[in-house]
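Q: Line order of the protein sequences matches chains B and H. For any residue, its number in my numbering is found by taking its place in the first sequence, counting from 1, and adding 1301. For any residue, its number in my numbering is found by taking its place in the second sequence, counting from 1, and adding 2.
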Amino acid sequence: MTLRQELEVWPSRRISACIAQARPEDVDAALAREERGLSDLFALLSPHARPRLESMAREAGRLTRRHFGRTIQVYAPIYISNVCTADCPYCGFGARSGSTLKRVTLAHDQIRAECEALSGQGFENVLLLTGEAPKIATLEYIAEAVHIAREYFASVSVEVYAMTREEYQLLFDSGLEGVTLYMETYDPENYARLHTVGRKRDYDFRLNALERAGQAGARRLGLGALLGLFDWRAETVWMALHARYLQKHCWQGAVSISFPRLHHVPKRFVVPAAVSDAELVQAMLALRLILPEAGFTLSTRENAATRDRLLPLGITMMSAGSSTRPGGYTSRANETAAQFETEDRRSPREVVRAIEQAGYDPVWKDFDHAFGSSG
Amino acid sequence: MNEDPLVIAGRSFRSRLMIGSGKFPSARALRLAIEASGAEIVTVALRRVDLGKPDEHGILSAIDPKKQLILPNTSGARTAEEAVRLARLAQAAGFDPWVKLELTPEPRYLLPDPVETLRAAEILVKEGFVVLPYIQADPILAKRLEEAGTAAVMPLGAPIGSNRGLKTRDLVKIIIEQSNVPVVVDAGLGAPSHAAEAMEIGADAVLVNTALADASDAAAMARAFALAVEAGRIAYRAGLGPTRNTAEASSPLTGFLDEG
Chain B
1302 MTLRQELEVW PSRRISACIA QARPEDVDAA LAREERGLSD LFALLSPHAR PRLESMAREA
1362 GRLTRRHFGR TIQVYAPIYI SNVCTADCPY CGFGARSGST LKRVTLAHDQ IRAECEALSG
1422 QGFENVLLLT GEAPKIATLE YIAEAVHIAR EYFASVSVEV YAMTREEYQL LFDSGLEGVT
1482 LYMETYDPEN YARLHTVGRK RDYDFRLNAL ERAGQAGARR LGLGALLGLF DWRAETVWMA
1542 LHARYLQKHC WQGAVSISFP RLHHVPKRFV VPAAVSDAEL VQAMLALRLI LPEAGFTLST
1602 RENAATRDRL LPLGITMMSA GSSTRPGGYT SRANETAAQF ETEDRRSPRE VVRAIEQAGY
1662 DPVWKDFDHA FGSSG
Chain H
3 MNEDPLVIAG RSFRSRLMIG SGKFPSARAL RLAIEASGAE IVTVALRRVD LGKPDEHGIL
63 SAIDPKKQLI LPNTSGARTA EEAVRLARLA QAAGFDPWVK LELTPEPRYL LPDPVETLRA
123 AEILVKEGFV VLPYIQADPI LAKRLEEAGT AAVMPLGAPI GSNRGLKTRD LVKIIIEQSN
183 VPVVVDAGLG APSHAAEAME IGADAVLVNT ALADASDAAA MARAFALAVE AGRIAYRAGL
243 GPTRNTAEAS SPLTGFLDEG
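(1) Kindly indicate which residue of B:Thr-1431, B:Phe-1570 and B:Thr-1497 has the alpha-carbon position closest to the one of Gly-1529 (chain B).
(2) Can you name the residues of chain B whose CB is closer than 7 Å to the CB of Lys-25 (chain H)?
(3) Select from B:Ser-1475, B:Tyr-1504, B:Met-1618 and B:Ala-1463 the residue whose C-alpha is nearest the C-alpha of Val-1556 (chain B).
(4) Per DSSP, what kind of secondary structure is Lys-1666 (chain B) in: helix, strand or coil?
(5) Would you mind giving the Cβ-Cβ distance between Asp-1514 (chain B) and Leu-1508 (chain B), rounded to the nearest angstrom? I have them listed as a contact below 8 Å.
(6) Suppose you measure from the CA of Ala-144 (chain H) to the CA of Ile-36 (chain H); what does that come to, to the nearest Å?
(7) How close, in whole Å, do the beta carbons of Arg-1366 (chain B) and Asp-216 (chain H) come, if the pair is a contact with beta carbons under 8 Å?
(8) What is the rounded straight-line gap between the Cα of Leu-191 (chain H) and the Cα of Gln-1553 (chain B)?
(9) If you check the beta carbons only, do Leu-1440 (chain B) and Val-1459 (chain B) fall under 8 Å apart?
(10) Taking just the CA atoms, how far does Tyr-1376 (chain B) sit from Ser-14 (chain H)?
(11) Check whether the stretch 148-164 of chain H and the stretch 113-124 of chain H touch, using three or more Cβ-Cβ pairs below 8 Å as the test.
(12) For the alpha helix (DSSP H) that contains Gln-93 (chain H), what are its first and last residues?
(13) Which of the three DSSP states, helix, strand or coil, is assigned to Val-210 (chain H)?
(14) To the nearest angstrom, how far is it from the Cα of Arg-225 (chain H) to the Cα of Ser-17 (chain H)?
(15) Could you tell me the alpha carbon to alpha carbon distance between Val-1582 (chain B) and Val-183 (chain H), rounded to whole angstroms?
(16) Considering just the uninterrupted stretch of the alpha helix (DSSP H) at Gln-1658 (chain B), what are its terminal residues?
(17) Expressed to the nearest angstrom, what Euclidean distance is found between the alpha-carbon atoms of Glu-1307 (chain B) and Arg-1545 (chain B)?
(18) Of all the residues that make up the stretch 216-232 of chain H, which are near chain B by a beta-carbon distance shorter than 9 Å?
(19) Let me check understanding here. Comparing Cα to Cα, which of H:Leu-214, H:Glu-104 and H:Leu-53 lies closest to Leu-91 (chain H)?
(20) Taking the straight line between their C-alpha atoms, what separation do you get for Tyr-1380 (chain B) and Gln-1640 (chain B)?
(21) Does the beta-carbon distance from Leu-1524 (chain B) to Glu-1485 (chain B) come in below 8 Å?
(22) For a cutoff of 8 Å on Cβ pairs, would you count Glu-1594 (chain B) as touching chain H?
(23) Have a look at Pro-107 (chain H) and Ala-198 (chain H) and give me their C-alpha separation to the nearest angstrom.
(24) When you check each C-beta in the stretch 138-167 of chain H against every C-beta of chain B, which residues fall closer than 8 Å?
(25) Are the stretch 1445-1455 of chain B and the stretch 1491-1509 of chain B touching by the rule of at least three beta carbon pairs closer than 8 Å?
(26) Spatial neighbours of Ala-1323 (chain B) within its chain, please: C-beta separation below 7 Å, excluding the five flanking residues on both sides.
(27) Do you know how far the Cα of Arg-166 (chain H) is from the Cα of Gly-1423 (chain B)?
(28) Below 8 Å on the Cβ atoms is my guess for Gly-78 (chain H) versus Phe-1597 (chain B); work out the distance and round it to an integer in Å.
(29) Which of the three DSSP states is assigned to Ala-1396 (chain B) in this structure?
(30) Rounded to whole angstroms, how far is the Cβ of Ser-1648 (chain B) from the Cβ of Gly-1622 (chain B), which I believe are closer than 8 Å?
(31) Hey, Arg-1626 (chain B) and Ala-1638 (chain B): beta-carbon distance below 8 Å or not?
(32) Around the Cβ of His-1670 (chain B), are there at least 16 other Cβ atoms within 10 angstroms (buried) or fewer (exposed)?
(33) Whose C-alpha, out of B:Val-1427, B:Phe-1531, B:Glu-1594 and B:Pro-1561, is nearest the C-alpha of Tyr-1483 (chain B)?
(34) How would you write the range of the beta strand (DSSP E) that Pro-74 (chain H) sits in, first residue to last?
(35) What are the partner residues of Lys-102 (chain H), as DSSP defines its beta bridges?
(36) I'd like the list of long-range same chain contacts for Val-174 (chain H), defined as Cβ closer than 8 Å, with 5 residues on each side in sequence excluded.
Pasting the structure below:
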């Protein structure tokens, strides 16, 4: 079965019905089991699990420490271009509905300067980002950016537009470690409503991108749904199905999941299904309980206090000191468009101190130049 | 235990407990665990270390090279080439030419790839490395690695971090019976009793990490493991009695045969 076929077995109506049928004793059973399946996930996402969040949190912490130890990886995003031809109404990069501020694509020497600034702060793990503009931030441009970043950092991943297997292959030949690509929303109808322009309209091309990246040699595959665009319970189930599919079809790729909550959106966009703190926590814990080996990533979309509280619940990777505008590490000017406003404005040092205070070891370097084709 | 040292590649060690250094909440917690364990071999993931920069607060700061041998490991490597590259980098950075081969291409269970491990071992042995490979509890693979010249074999008890204990007991026993190099049970030992069990069946040493790193008092757990390893070793040397399903009567039915 293709991923699309596996997801079509579980339309949102069927997921909602299964979750509605879950009883309190199903939550107890799901908590008690050592190996958990989809029916356990339904129970853990149900309203009956809400009073059991504390037990879920303890189990989630235990499972996370067993696989990842008491460590949190630290990374920084580098936005190399904010030009975008898509017009996603919820995003600051949207071509028409997004920010009216300047759109730039960093030249190679500017990318180098950003790398130098972050490397000087101790970073060894970065995520390069662009908008959806393959004619401006071309494949060759991104490959060169990976190549440059690899001179400074042990680990380089990208979060760019969906590519073909051959295109991903070229990036891995340049020393790329991983690919992150959010589906935004897994519900096909909702996806079609929100994505009406350009190549991003193609649901299947985006859905299958991580599988293609895995086939091309990605060591890390990052997935996620933008929480706030659709029913969070259904999106959580679909993320779980996507993760399990990737684990089976790309057995050498480590799957990680992000939980980007929509906070700051362009003025005319109203978040249709806002997710509360308790709902975010329930989604994270339920996923951890059925995916003990998946990495969980937390960005600076969340504020400092929330991040510190979420940290021991299963997080394995955190960004720190992030800028979401191109050139943001070398220039303080705010005239270029940001993808979203960061909520956690602490410096990398402050974030690292918070990780240590929570009893975890902040890990800057967890990959090596000896790995991959360019080693 | 001084009269019963662990000897690997001609080097003697008093302790038969090796420590893995990942997963600890801080370098300090790691250092306290190492000290409490008395371990003389500590393995370090090269991917976590920046060989170009001094390591003031990192893993290496927790290890006293006068007391412990730093055993660099290749975890994260997916191919023999990557593992070989890492081992050479470590040697160039001044580590002893010892390497623990960890070739775990699958990130969920971190099980070792036997094909790549054998390939890497063959290359590194020829280059003069003391090679300790992390392997499945596969007796044939263990013999193939021994023939390739590895200084030990390190079969797993259960998947890394699983704390499940010596699930591979029967196969590890065959490896021990057939091996001419030290057998170190690595991975999956979640409690001191698991370590004692491995030593009782004749393992030469054990390696633990998660069970210590995840304990609320890592140093105390390290001490408990050290005692269990020592107890298991003494029991093995003393010769354990066979286990039986039935009681052995103290007045045997055939006792009359010995009379008068």
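Even for Gly, the Cβ is constructed at its ideal location relative to N, Cα and C.
A: Reading off the structure:
(1) B:Phe-1570
(2) Gly-1370, Arg-1371 and Thr-1372
(3) B:Met-1618
(4) coil
(5) Before going further, note that residue 1514 (chain B) is Ala rather than Asp in the sequence given. About 12 Å separates the two Cβ atoms, so there is no contact after all.
(6) 28 Å
(7) 5 Å
(8) 25 Å
(9) no
(10) 42 Å
(11) yes
(12) 82-94
(13) strand
(14) 12 Å
(15) 50 Å
(16) 1649-1658
(17) 11 Å
(18) Asp-216
(19) H:Leu-53
(20) 9 Å
(21) no
(22) yes
(23) 30 Å
(24) Gly-163, Ser-164 and Asn-165
(25) no
(26) Phe-1343, Ala-1344, Ser-1347 and His-1349
(27) 37 Å
(28) Not confirmed; about 19 Å, so no contact.
(29) coil
(30) 5 Å
(31) yes
(32) buried
(33) B:Pro-1561
(34) 71-75
(35) H:Asn-75 and H:Leu-134
(36) Ala-139, Pro-157, Gly-159, Leu-168, Val-185, Val-187, Ala-200, Ile-203 and Ala-205
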